[in-house]
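Just add 5 to wherever you are in the sequence shown, counting from 1, and you've got our numbering. For reference, the structure is listed below as structure tokens.
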Amino acid sequence: MAGALGSQVSGVDEAWPWERPAGRARGWTAVSGHLGRVWSLSVLATMVLAGGYAWLGFFVGGVPGALIGAAAGLVTSGVLHLAVNRAVSGPR
Numbered sequence: 006m007a008g009a010l011g012s013q014v015s016g017v018d019e020a021w022p023w024e025r026p027a028g029r030a031r032g033w034t035a036v037s038g039h040l041g042r043v044w045s046l047s048v049l050a051t052m053v054l055a056g057g058y059a060w061l062g063f064f065v066g067g068v069p070g071a072l073i074g075a076a077a078g079l080v081t082s083g084v085l086h087l088a089v090n091r092a093v094s095g096p097r
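Put into structure tokens, the structure is as follows:
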């Protein structure tokens, strides 16, 4: 039995994968990696909302409709961000 368990252990220090300390990035690398995942998703969602409302506004009212639609998309994105942030933050 000991031989079977020993054959599953991997790594130089013969530790199980979940027992080895995770290599964490430090400094700007850690910050930019986290912001790259989170910031780009929120920017993408804002662009999709603003662009969708602008596109719809352009067909309804031309260029002024597109500008109003883009503003409405930005406001909607902000409201959704606040609502989700409040919902996931839990009770106070």
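Glycine included, every Cβ here is placed at the ideal spot set by N, Cα and C. All figures in this text were calculated on a predicted structure; none of them were measured in a lab.
query	result
Own chain partners of THR81 with C-beta closer than 6 Å, once the 5 adjacent residues on each side are dropped	LEU54
Nearest-angstrom Cα separation, counted from VAL93 out to HIS86	11 Å
Cut-off 6 Å between Cβ atoms - residues of its own chain near GLY74, not counting five sequence neighbours on either side	TYR58, ALA59, LEU61, GLY62
When GLY66, VAL65, ALA71 are compared against GLY56, the one with the closest alpha-carbon	ALA71
MET52 to VAL84 span [Cα, whole Å]	14 Å
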